[in-house]
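J.: Okay, so the sequence shown: first residue is 14 according to this note's numbering, each after it adds one.
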Amino acid sequence: MSVQELVVRRGRRSGVTTMVAVHSRTLGPAVGGCRFKVYPRVDDAIDDVLRLSAAMTRKCAVTGLAFGGGKSVIALDTVPTPGQRRDILLDHADLIESLDGAYLAGPDVGTGPADMLVLRERTPHVFCLPEEHGGTGSSSGPTAVGVLAALRAGARAVFGDDDLTGRKVAISGYGSVGAHLAADLAEQGADVLVSDVDERRLAAAEKRGLRLVRPDRLLGIEADVLIPAAVGGVFGPETEVAAPLVVGPANNQLTKDVVADDLAARGVLWIPDFVAGAGGVVYTLGREAGHLTHDEALTRVETLEATTRHLLDAASANGTTPLAEADALAEARLTAATEPRTPSPPERLTAA
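Now the structure itself:
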């Protein structure tokens, strides 16, 4: 896996290992979320940050963003106290600042806008600050909008139309994005089933009248659509998937890219996660770097439907998979940009 730069450092305040991977700056400065997570070993965290940064390069390239791919990980041994968390974030901010704008951080699993505000104390290279502090806040809503846009294109390819009334949709993960998706799909008349490992989230889903299913049963549920909205590594060569359409925002859903061919051979249409889950970064960078209005940025997110449709049409015409076509599109855009660009001034990434 090619990466331009990987920096791993133990924080001077906290002693916790943090890291940043800059996978590509061919299209512009590297952008990607900051993951705050307990890992069994530091090597596991390094593997994760490398995979995630590569996915961000694909995501930015395939959606036409003038940014490269990066990611950062805070590799925890145990869940910290609030005071320890602040020290850890400040250590991570120092690492980001040392890269001088090569990497721009946003929220990811385990972090949110409030954490970005802490990072901002030590570095300007941060986006998604809380709205009251001039940022765009959580990107969960726009991410869900992008998933639904990709889902519409996938539904037309599989079912002949995008009417989800009465269709069974199984959602793995009832976090911030999963909850948005469940509410929107239920409003459209879909029969929504939800799974999560967090009992509190399941209780919240049940209060909203959603049907629940155990996590170990979700992939085998006879459903029309499966939405992975939790962890990655869901689909391996032997994974049985009952739904004919899989589209969701979870990063790195496949254990290996070849699994996309396995799924296609079994009649499952898998929309690449770096396409379906791109709504958040498209919206955020549209607002904070492109100075678009909220409505203008959401309109740009909606273009993920056309992007997905293009990939599906190309896969059908060429006898390939949507993943192969998405990779080809990303590679063409990366090849066309021959020189790394100068990082954007930090002030362009904070809303006025």
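C-beta atoms are modelled at their ideal positions from N, C-alpha and C, and glycine is treated no differently. None of the values given here were measured: they were computed from a predicted structure.
1. Distance, Cα to Cα, residue 49 vs residue 121?
2. Under the three-state reduction of DSSP, which class applies to residue 182: helix, strand or coil?
3. Could you tell me the distance, in whole angstroms, from the CA atom of residue 170 to the CA atom of residue 324?
4. Is residue 408 buried or exposed, if buried means 16 or more other CB atoms sit within 10 Å of its CB?
5. Do you know whose CA, among 218, 190, 59, lies nearest residue 244's CA?
6. Could you check how far apart the C-beta atoms of residue 75 and residue 288 are, in whole angstroms? I think they sit under 8 Å.
7. Straight-line CA distance for residue 95 to residue 54?
8. Since residue 73 is in the alpha helix (DSSP H), which residue starts that stretch and which ends it?
9. Any idea which residues DSSP pairs residue 22 with across the strands?
10. Answer yes or no: the CB of residue 288 versus the heavy atoms of the ligand GDP, is any distance below 6 Å?
11. Taking the alpha-carbon positions, what's the residue 29 to residue 113 distance?
12. In this structure, how does DSSP classify residue 232 when only helix, strand and coil are distinguished?
13. Ordered along the chain, which non-local residues of its own chain (more than five positions away) have a Cβ less than 7 Å from that of residue 311?
14. Quick one: what does DSSP say residue 267 is sitting in, helix, strand or coil?
15. Work out the CA separation of residue 253 and residue 205 for me, nearest whole Å.
16. In the DSSP assignment, what are the bridge partners of residue 140?
17. Report the partner residues of residue 43 according to the DSSP bridge assignment.
T.: The short version:
1. Rounded to whole angstroms, residue 49 to residue 121 spans 8 Å at the Cα level.
2. Strand at residue 182.
3. Between residue 170 and residue 324, the C-alpha separation is close to 11 Å.
4. Not covered by the structure: residue 408. The range shown for the chain is 14 to 365.
5. Here the closest residue by C-alpha is 190.
6. Between residue 288 and residue 75 the Cβ distance is about 6 Å, and since that is below 8 Å, they are a contact.
7. Residue 95 and residue 54: Cα-Cα distance of roughly 23 Å.
8. Unbroken alpha helix (DSSP H) run through residue 73: 55-75.
9. In the DSSP assignment, residue 22 forms a beta bridge with 31.
10. This structure simply doesn't include the ligand GDP, nor any ligand for that matter.
11. The alpha-carbon atoms of residue 29 and residue 113 are separated by roughly 22 Å.
12. Three-state DSSP puts residue 232 in a helix.
13. Cβ-Cβ distances below 7 Å link residue 311 to 155, 158, 296 in the same chain, with the five nearest sequence neighbours on each side left out; the list follows chain order.
14. Reduced to three states, the DSSP call for residue 267 is strand.
15. Between residue 205 and residue 253, the C-alpha separation is close to 20 Å.
16. Residue 140 pairs with nothing; no bridge assigned.
17. Under DSSP, residue 43 takes part in a beta bridge, and its partners are 81, 116.
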